[in-house]
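Down below is the structure, laid out as structure tokens.
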Amino acid sequence: MSSPIISVAQNPRQTDPSGAPQGSPVQQDVGPEAPKSAVRQFLMSRSSGKAADTTFSAIMLMCALSIFAIVLFILFILIARSKLSLSQFGFKFFTRSAWDPVSGDFGAFSFIYGTLATSLLALLVAVPLALGVAVFLTELCPQKLRAPISFVTELLAAIPSIVYGLWALFVLVPIMRDQLGPVLTKYFGWTHLFNGYNFGLNLLSASIILAVMILPIISSIARDIMLAVPISQREGVLALGATRWEMIRMGVLRNARIGIVGAIILGLGRALGETMAVTMVIGNHPEIPKSLFSPGYTLASVIANEFSEATGDVYLSALIEIGLALFLVTIVVNVIARALVWAVTRGAPARAH
Amino acid sequence: MPTNPFHTPPPPQDFAATDPPVQQRSRRVRLNRMRRHLWNHVVTGLAVLSTVIVIAPLVAILAYLIYKGASSLNLAFFTHIPAPVGELGGGMANAIVGSGMILAVASVLGIPVGIGAGVYLAEFGRGGWLAAAIRFTADVLNGVPSIVMGIAIYSLIVMRQKHFSALAGGVALAIMMVPTITRTTEEMLATVPHAIREAAYGLGVPRWRTVLSVTLKTASPGIITGCMLAFARVAGETAPLLFTAFGNQFWSLRLNQPIAALPLQIYVYAISPYDEWHRLAWGGSLVLIVLIMVSVTLVRIYANRGVLKGAS
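Those protein sequence lines, which keep their order, are chains A and B.
Residue 235 in the numbering used here sits at position 235 of the first sequence; the count goes up by one each step and never skips.
Residue 296 in the numbering used here sits at position 296 of the second sequence; the count goes up by one each step and never skips.
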């Protein structure tokens, strides 16, 4: 494949038998008596011609447009396959909590409730910790520790969902059932959040493992955004006599707040669609949970659990409609988040993990 | 600084004379100062504490995984297919091979498309509205839940074929790889100095050759990094494989048939009631995580060495 470049350079020698000084191809091209070699003509007509460039850029454009195509195709096929359920239940599908495959009566409200409850609870746990890590890494951390700690948080993002699920199922759930659960009931029972029988497979376990999973995403994006705040802002606030915390609050967090909100929403998007780990510990019970100790069900986990054994077209179509809802919600959430993050970092890519 | 005869410097101000001495400062000012400094220390402590809390689960998960996983790994794990329920022994050889095949299909389909899209964004569409829209769509696609990819591919391929297949699993993972690869490729190409491209044009090299053998080649370490990151990300994905590759208890090397995959097998074993299967699930997780950690760490070392050393 390296021949074109070399032959272009070698051409003058072939076309100039008079032994004139080399390296003056311009002169030779101009001269009427210098015939173009067959090789050069071939090159001119084929590879360096406009056709090759156009073809190449068209192929690259096709690759790029395929990204649009993928999103549109997912949307189209999900709508097409959920038509049955869309026409049968209409919008009420999302406000009813009936889920009865036997009689063919479907409503997704309890799954929406479960998804929102676990995601928001996970955010409640993860956001303060993630911001703490981001502040520590950008403002307080000794230079030597910075790289290792960032590396560790990135590793946390690289652990697959299934491994988190396995750990949660065999370590977190027993702890929740035998140690943490009774303590919470004893001291916080008055809030009515921790009532009911506690199997360990419940909303709280799912939220905790979800929080661990979205932490690295939020903290790494928040860190990137805080690093994007100009150093002069910090110096300005410090010069006015602020303590370090006041500098962080007024100089950094206030400037980065839009981007931080974006990072949090991005974490929310991840939490809404998280499947395996949640499915393994949430208990999978299609009822609106009454306390944090009740088992629940999320949009993603009902698909994971019931899709391959769904009998009947309406059942399958209802599950695909849940997928469609999940797709649309995460698209909206991600668009908002990306727009906010982009507004701060000016198009510099925000790392997703 | 030249002296200005028309400018008389202000007389030096004696702050000590005008400000009240330190002892006489009001109590409020002192309290305020104490409060501010106390608060400063409290928040610093909280930030350190949260970092420790975040690192703790990683250490806990890894330690427990190594403890449980290492004790269940043996030669049979890598050479045998799963034993029937109730029998001891057995391994995950078919799942490891199956995962490899699915990932190979995903890489073959996803990497060229991803790199192509990245090349378009960085070389041809730079600054245009189309490139911005594609970039945004890629970022959004990155956030679409993997389970949705699973049911979309199920609807497209499995429903038509009427059976699960390794190919469908590969396609689902390929779609998940594309946005990550696109964005890193674009990022890396953007760091290639423009002078290198101009040098190639100056030699009469056509544009497509410049992109292929000059720009892409210069940025190749970074692009390989991106591909490995995408690979590591989809290697542990379970949700898209649930209804595409489906899993298989037996040997299968055919792309057109259901095939076992490591994450799927871990899931099935983890939620089963048998201790022997739990043991295999831990072993499988350890193998999976070692695979992913090694590739991520390699990427990290590679990236730290300076992706474009000597290029500028």
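Built from N, CA and C at the ideal position, the CB exists for glycine as well.
Quick one: does residue i have its CB under 8 angstroms from some CB of chain B?
{"i": "VAL276 (chain A)", "result": "According to the sequence displayed, residue 276 (chain A) carries Met and not Val. Yes, because at least one Cβ of chain B sits closer than 8 angstroms to the Cβ of MET276 (chain A)."}
{"i": "ILE149 (chain A)", "result": "yes"}
{"i": "GLU306 (chain A)", "result": "no"}
{"i": "SER85 (chain A)", "result": "no"}
{"i": "ILE221 (chain A)", "result": "no"}
{"i": "ALA52 (chain A)", "result": "yes"}
{"i": "ASP16 (chain A)", "result": "Unreliable placement is indicated for ASP16 (chain A), whose pLDDT of 41 sits below 50; the coordinate value is still reported in the next sentence. No, its Cβ sits nowhere closer than 8 angstroms to a Cβ of chain B."}
{"i": "ARG167 (chain A)", "result": "The amino acid at residue 167 (chain A) is misidentified as Arg; the sequence shows Trp. Closer than 8 angstroms: yes."}
{"i": "PHE91 (chain A)", "result": "no"}
{"i": "ILE214 (chain A)", "result": "no"}
{"i": "MET250 (chain A)", "result": "no"}
{"i": "THR243 (chain A)", "result": "yes"}
{"i": "ALA318 (chain A)", "result": "no"}
{"i": "VAL133 (chain A)", "result": "yes"}
{"i": "ILE218 (chain A)", "result": "no"}
{"i": "LEU326 (chain A)", "result": "yes"}
{"i": "GLN27 (chain A)", "result": "Unreliable positioning characterises GLN27 (chain A) in this predicted model, as indicated by a pLDDT of 43, which lies under 50. The coordinate reading is nonetheless provided below. It does not: the Cβ of GLN27 (chain A) has no partner Cβ on chain B nearer than 8 angstroms."}
{"i": "GLU246 (chain A)", "result": "yes"}
{"i": "PRO230 (chain A)", "result": "no"}
Can a CB atom of chain A be found closer than 8 angstroms to the CB of residue i?
{"i": "LEU58 (chain B)", "result": "yes"}
{"i": "ILE301 (chain B)", "result": "no"}
{"i": "ASN40 (chain B)", "result": "yes"}
{"i": "THR238 (chain B)", "result": "yes"}
{"i": "TRP208 (chain B)", "result": "yes"}
{"i": "THR244 (chain B)", "result": "no"}
{"i": "MET177 (chain B)", "result": "no"}
{"i": "SER285 (chain B)", "result": "yes"}
{"i": "ARG36 (chain B)", "result": "yes"}
{"i": "SER228 (chain B)", "result": "Correcting the residue type first, residue 228 (chain B) is Met in the shown sequence and not Ser. Closer than 8 angstroms: no."}
{"i": "PHE136 (chain B)", "result": "yes"}
{"i": "GLY91 (chain B)", "result": "no"}
{"i": "THR215 (chain B)", "result": "no"}
{"i": "ALA270 (chain B)", "result": "yes"}
{"i": "GLY116 (chain B)", "result": "yes"}
{"i": "ILE61 (chain B)", "result": "yes"}
{"i": "ALA168 (chain B)", "result": "no"}
According to DSSP, residue i sits in a beta bridge with which residue or residues?
{"i": "ASP105 (chain A)", "result": "A:ASP100"}
{"i": "ILE259 (chain B)", "result": "B:PHE246"}
{"i": "GLY283 (chain A)", "result": "A:GLY296"}
{"i": "PRO82 (chain B)", "result": "B:GLY90"}
What residue does the alpha helix (DSSP H) around residue i start on, and which one ends it?
{"i": "TYR64 (chain B)", "result": "27–72"}
{"i": "ASP139 (chain B)", "result": "129–142"}
{"i": "LEU241 (chain B)", "result": "Note, LEU241 (chain B): premise wrong, no alpha helix (DSSP H); not H, not E."}
{"i": "ASP14 (chain B)", "result": "Neither: ASP14 (chain B) is in no alpha helix (DSSP H) and is coded neither H nor E."}
{"i": "CYS63 (chain A)", "result": "50–81"}
{"i": "VAL148 (chain B)", "result": "146–153"}
{"i": "THR184 (chain B)", "result": "166–190"}
{"i": "GLY204 (chain B)", "result": "It is not in any alpha helix (DSSP H) - GLY204 (chain B) carries neither H nor E in the DSSP assignment."}
{"i": "ILE224 (chain B)", "result": "220–235"}
When you measure from the CB of residue i to every non-hydrogen atom of the ligand SAH, does any distance come out below 7 angstroms?
{"i": "GLN249 (chain B)", "result": "Annotation note on the ligand SAH: not contained in the displayed structure, which lists no ligands."}
For a minimum of 4 consecutive residues, which ranges assigned as the alpha helix (DSSP H) are wholly contained in the stretch 159–216 of chain A?
161–167, 181–188
Segments assigned alpha helix (DSSP H), at least 4 residues, entirely inside the stretch 229–278 of chain A:
231–239, 254–273
Pair every Cβ in the stretch 181–200 of chain B with every Cβ in the stretch 110–130 of chain A, then say whether three or more of these pairs are closer than 8 angstroms.
no
For the 8 angstroms Cβ check, are there 3 or more pairs between the stretch 206–214 of chain A and the stretch 319–328 of chain A?
no
Within the chosen definition, does the stretch 255–274 of chain B reach the stretch 162–175 of chain B through at least 3 CB pairs nearer than 8 angstroms?
yes
Can we say the stretch 220–236 of chain A touches the stretch 135–145 of chain A, given the rule of at least three CB pairs closer than 8 angstroms?
yes
If we require 3 or more residues per run, which beta strand (DSSP E) segments fall completely within the stretch 288–338 of chain A?
none
Below 8 angstroms, how does it come out for the stretch 151–167 of chain A and the stretch 294–301 of chain B: are there three or more Cβ pairs, yes or no?
yes
Indicate whether the contact test is met: 3 or more Cβ pairs, each with one atom in the stretch 286–298 of chain A and one in the stretch 72–81 of chain A, closer than 8 angstroms.
no
Inter-stretch contact at 8 angstroms, needing at least 3 Cβ pairs: the stretch 241–254 of chain B / the stretch 92–101 of chain B
yes
Contact between the stretch 294–310 of chain A and the stretch 235–249 of chain A: three or more CB pairs below 8 angstroms?
no
Using 8 angstroms as the threshold, is the stretch 305–312 of chain A in touch with the stretch 242–258 of chain A, meaning 3 or more CB pairs across them?
no
Tell me whether the stretch 127–136 of chain B and the stretch 197–213 of chain B touch, counting them as touching only if at least three CB pairs, one residue from each stretch, are closer than 8 angstroms.
no
When the Cβ atoms of the stretch 172–183 of chain A are set against those of the stretch 280–287 of chain B, are three or more pairs found closer than 8 angstroms?
no
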